[in-house]
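If you're matching positions, the sequence shown starts at 10 in my numbering and goes up one per residue. Every residue gets a Cβ at the ideal spot worked out from N, C-alpha and C, and that includes glycine.
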Amino acid sequence: MALPAASPWPIVGHEEVLALLPRLRAHALLFTGPEGVGRRLVARWYAVGLNRGFPPPYLPEHPDLLEIAPKERGLRGEKEVRLEEVEPLWDWFATHPRERVKVAILDAAHLLTEAAANALLKLLEEPPAYARLVLIAPSRDTLLPTLASRLLEVPFAPVLQEKLSALTQDPELLAYAAGAPGRLRRALQDPEGFQARMERAKEALRAGSLARLSLLRELLAEEEGFFALYALLRENPRGLLALEAAREALERYVNPEVVLARLSVDLEP
Numbered sequence: 010m011a012l013p014a015a016s017p018w019p020i021v022g023h024e025e026v027l028a029l030l031p032r033l034r035a036h037a038l039l040f041t042g043p044e045g046v047g048r049r050l051v052a053r054w055y056a057v058g059l060n061r062g063f064p065p066p067y068l069p070e071h072p073d074l075l076e077i078a079p080k081e082r083g084l085r086g087e088k089e090v091r092l093e094e095v096e097p098l099w100d101w102f103a104t105h106p107r108e109r110v111k112v113a114i115l116d117a118a119h120l121l122t123e124a125a126a127n128a129l130l131k132l133l134e135e136p137p138a139y140a141r142l143v144l145i146a147p148s149r150d151t152l153l154p155t156l157a158s159r160l161l162e163v164p165f166a167p168v169l170q171e172k173l174s175a176l177t178q179d180p181e182l183l184a185y186a187a188g189a190p191g192r193l194r195r196a197l198q199d200p201e202g203f204q205a206r207m208e209r210a211k212e213a214l215r216a217g218s219l220a221r222l223s224l225l226r227e228l229l230a231e232e233e234g235f236f237a238l239y240a241l242l243r244e245n246p247r248g249l250l251a252l253e254a255a256r257e258a259l260e261r262y263v264n265p266e267v268v269l270a271r272l273s274v275d276l277e278p
């Protein structure tokens, strides 16, 4: 069951996922895939559909939908989902839905602290019949194995460029999106911010060593900076490999200064 062309939901792609979800009966799902591909939007579509039928009407909010997202903490803006942030789920699921089912969406589930993840296990062991839980994470491997084993995974792939072309024909924007409609929409809504980010990325690639290192530090402090560099390096296989290696190292919490210094050397013109 794919979305009809006239549907007001701004979902791009994922026709197979949209056809699958109405048939699932699992109480707990795990939406995996790259950032910005549409996992949160589809989770809301699913929540409204469970209550109003599929395909659902467009409702950005619903009384039987609860969303939990990580909060930034500390001077460096570190994020994590702590026990006190998942505890409200028990009180919320303790009351019956206003319509058919209650759906909780837990964003960035890979940032759950061990205490929060273990507490969530108790809810998954004996959920109310009317409860549905959707966790969002990059991959199953990023969760505690005991938690992942209780979730039915629904993988999301990057959206094909031919589908994103309905939003823009700009090759630089499409390269920057890298299959993520959410990232593309944000760039289209903030063209000045997008252009400023791309200019910093271009400057980083042509700057001298010290200036390049400083600009890389600024760019890679946010995910959008990585994709600005990705868009510019798309025809430079050596540069792309170096950029991806740096990203993987940063995700493994390798010393960021060491990673950025190595990347700066690898991106020498």
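So, is residue i buried or exposed, given that buried needs 16 or more other C-beta atoms within 10 angstroms?
i, result
"Leu129", "buried"
"Asp116", "buried"
"Leu29", "exposed"
"Pro97", "exposed"
"Val267", "exposed"
Suppose you measure from the CA of residue i to the CA of residue j; what does that come to, to the nearest Å?
i, j, result
"Val274", "Gly42", "30 Å"
"Ala230", "Trp101", "35 Å"
"Pro164", "Glu201", "33 Å"
"Ser218", "Ala210", "14 Å"
"Ala216", "Glu277", "9 Å"
"Arg221", "Ala166", "32 Å"
"Arg49", "Ala78", "11 Å"
"Lys80", "Leu120", "10 Å"
"Thr177", "Ala196", "11 Å"
"Glu76", "Pro147", "17 Å"
Tell me which same chain residues have a C-beta within less than 6 Å of the C-beta of residue i, skipping the five on either side of it?
i, result
"Ala157", "Arg149"
"Arg192", "Gly45, Ala186"
"Arg194", "none"
"Gln170", "Leu183"
Between residue i and residue j, how many whole angstroms is the CB-CB distance? I'm expecting something under 8 Å.
i, j, result
"Glu181", "Ala240", "6 Å"
"Val112", "Val143", "7 Å"
"Ala160", "Ala37", "One point to set straight first is that residue 160 is Leu, not Ala, in the sequence displayed. That pair is a contact at about 5 Å."
Measuring CA to CA, which of the options is closest to residue i?
i, options, result
"Glu135", "Gly188, Arg215, Trp99", "Trp99"
"Ala140", "Ile114, Leu121, Phe165", "Ile114"
"Glu208", "Pro190, Leu238, Glu232", "Leu238"
"Leu92", "Arg261, Thr104, Ala118, Gln198", "Ala118"
"Asp199", "Leu228, Glu212, Glu233", "Glu233"
"Ala35", "Ile20, Leu133, Thr122", "Leu133"
"Leu214", "Leu269, Val26, Leu225", "Leu225"
"Ala189", "Gly22, Trp54, Asn127", "Gly22"
"Pro106", "Ile77, Asn127, Asp73, Lys131", "Asp73"
"Glu162", "Lys172, Ile145, Arg32, Ala184", "Ile145"
"Val51", "Pro79, Pro17, Ala175", "Pro17"
"Thr151", "Glu266, Val267, Arg261, Arg32", "Arg261"
"Tyr67", "Glu25, Ala103, Pro19", "Pro19"
"Leu153", "Ser223, Pro31, Leu27, Leu39", "Leu39"
"Ala103", "Glu76, Pro137, Val268", "Pro137"
Under 7 Å Cβ to Cβ from residue i, same chain only, skipping five residues before and after it: list those, please.
i, result
"Gly86", "Confidence at Gly86 is low in this model, with a pLDDT of 44, below 50, so its placement is unreliable and the value that follows should be read with caution. None."
"His71", "Ala56, Val57, Asn60"
"Thr155", "Leu130"
With a CB to CB cut of under 8 Å and the five nearest residues on each side skipped, what residues in its chain are close to residue i?
i, result
"Thr122", "Glu89, Val90, Arg91, Leu92"
"Ala124", "Arg91, Leu92"
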